[in-house]
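Chains as they are written, first to last, in the working numbering: chain A, 1 to 157; chain B, 1001 to 1157.
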Ligand SMILES: C[C@@H](O)[C@H](N)C(=O)O
Ligand SMILES: C[C@@H](O)[C@H](N)C(=O)O
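Given below as structure tokens:
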């Protein structure tokens, strides 16, 4: 499938919450999102990578305005499942490239990540689908990074 | 936005590779995907969660047939950046729910994860977008899990 980048999206109005070292066993993710659902907290993305030593970290992003409520739920959850800690960060933005067939093609990931690297931007989180490749980066760097990525994919023409 | 689950997708023909404890600084993700691009390895998904103590883990999935080539690249990369180790796993499958507005709604994540929990399925990796919520689970459990998730979202009607 031909890989085509169609646009860049920047969401600066988000905050990230990570619950570190939750037990890696069935029912844990369910419990967290069930509690968030009961609290009516709207979720933007969910990221969980591979485990290590029977624990794992679960991260999710919310609208910045919902951070306080989400942290309250996350802390209650962390306490109940005996996770290590809750981390949260409002200084994060989601920068994504959007297109068709884009994940399959590592050249696109490579160019996206290269542009961030060349501008000294650290990639804090990565989550992808066939049509969207999203990164979480420092909010302060985000506007400039978006312009650079736009140029790198020649989207101005 | 109304959240609607339209379908379930199962991909059993994948393998997962994780490079554990890479340095968490700019240029690392670029280097990995640049090497994978040079080796012409087609990527299905990329997952990286929040860091800890200046290191992070980067995971990606490939077509099961490409596992050996991808591991070769991953090991070379891990050596060059002094990562802790490379893990890989062919016994994994990607089970996803597809729809519109689905991530925003934690009730959908909750029901998806609850179904897996009730069937004793451990969720190994989670990656989401607005239209797709993907999990990596044990391949052996995947077919049965797909049927159960299909039922849970009443997609047979
Ligand atoms: C960590 C969490 O995802 C756990 N593996 C679960 O299945 O709920
Ligand atoms: C870990 C890796 O993603 C690193 N933070 C980078 O920017 O390349």
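Ideal placement from N, C-alpha and C gives every residue a C-beta, glycine not left out. Just so it is clear, the structure is predicted and the values come from calculations on it, not from any experiment.
Residues near residue i by beta carbon distance below 7 angstroms, same chain, minus five either side
i: residue 90 (chain A); result: 15, 64, 67
i: residue 139 (chain A); result: 12, 91, 92, 93
i: residue 115 (chain A); result: 148, 149, 152
i: residue 73 (chain A); result: 35, 36, 39, 41
i: residue 1124 (chain B); result: 1092, 1136, 1137
i: residue 112 (chain A); result: 97, 133, 149
i: residue 24 (chain A); result: 51, 54, 55, 56
Where residue i falls: helix, strand or coil (DSSP)
i: residue 24 (chain A); result: coil
i: residue 1082 (chain B); result: coil
i: residue 1050 (chain B); result: coil
i: residue 87 (chain A); result: strand
i: residue 1069 (chain B); result: helix
i: residue 1039 (chain B); result: coil
i: residue 1158 (chain B); result: Chain B is shown from 1001 up to 1157; residue 1158 (chain B) falls before or after that span and cannot be answered.
i: residue 64 (chain A); result: helix
i: residue 1108 (chain B); result: helix
i: residue 1095 (chain B); result: strand
i: residue 121 (chain A); result: coil
i: residue 155 (chain A); result: coil
i: residue 202 (chain A); result: Chain A is shown only over 1 to 157; residue 202 (chain A) falls outside these bounds and no answer can be derived.
i: residue 9 (chain A); result: strand
i: residue 3 (chain A); result: coil
i: residue 1147 (chain B); result: helix
Cβ neighbour criterion (16 or more within 10 Å) applied to residue i
i: residue 155 (chain A); result: exposed
i: residue 143 (chain A); result: exposed
i: residue 153 (chain A); result: buried
i: residue 53 (chain A); result: exposed
i: residue 79 (chain A); result: exposed
i: residue 132 (chain A); result: buried
Residue i versus residue j: straight-line alpha-carbon distance, rounded
i: residue 1008 (chain B); j: residue 50 (chain A); result: 22 angstroms
i: residue 1137 (chain B); j: residue 1122 (chain B); result: 6 angstroms
i: residue 83 (chain A); j: residue 1022 (chain B); result: 23 angstroms
i: residue 47 (chain A); j: residue 1055 (chain B); result: 17 angstroms
i: residue 96 (chain A); j: residue 29 (chain A); result: 25 angstroms
i: residue 81 (chain A); j: residue 58 (chain A); result: 13 angstroms
i: residue 110 (chain A); j: residue 1033 (chain B); result: 5 angstroms
i: residue 1130 (chain B); j: residue 146 (chain A); result: 20 angstroms
i: residue 88 (chain A); j: residue 69 (chain A); result: 12 angstroms
i: residue 71 (chain A); j: residue 17 (chain A); result: 7 angstroms
i: residue 119 (chain A); j: residue 1077 (chain B); result: 22 angstroms
i: residue 163 (chain A); j: residue 10 (chain A); result: Given that chain A is displayed from residue 1 to residue 157, the structure contains no residue 163 (chain A) and the question cannot be resolved.
Chain-order list of residues whose beta-carbon lies under 8 angstroms from that of residue i (same chain, five-residue window excluded)
i: residue 1045 (chain B); result: 1060, 1061, 1094, 1127, 1134
i: residue 3 (chain A); result: 99, 100, 101, 102, 104, 105, 107, 108
i: residue 43 (chain A); result: 33, 36, 60, 61, 62
i: residue 167 (chain A); result: The structure shown does not extend to residue 167 (chain A), since chain A is modelled only from 1 to 157, so the question has no answer here.
i: residue 1031 (chain B); result: 1077, 1080, 1081
Cβ neighbours of residue i in the same chain (closer than 6 angstroms, five flanking residues each side left out)
i: residue 75 (chain A); result: 86
i: residue 1006 (chain B); result: 1098, 1099
i: residue 1020 (chain B); result: 1057, 1084, 1085
i: residue 141 (chain A); result: 121
Ligand 1 heavy atom lying under 7 angstroms from the CB of residue i
i: residue 1091 (chain B); result: no
i: residue 29 (chain A); result: yes
i: residue 33 (chain A); result: no
i: residue 48 (chain A); result: yes
i: residue 1063 (chain B); result: no
i: residue 58 (chain A); result: yes
Closer than 7 angstroms: residue i CB and nearest ligand 2 heavy atom
i: residue 1026 (chain B); result: yes
i: residue 142 (chain A); result: no
i: residue 1084 (chain B); result: no
i: residue 1022 (chain B); result: yes
i: residue 122 (chain A); result: yes
i: residue 1019 (chain B); result: no
i: residue 113 (chain A); result: yes
i: residue 1040 (chain B); result: no
i: residue 117 (chain A); result: yes
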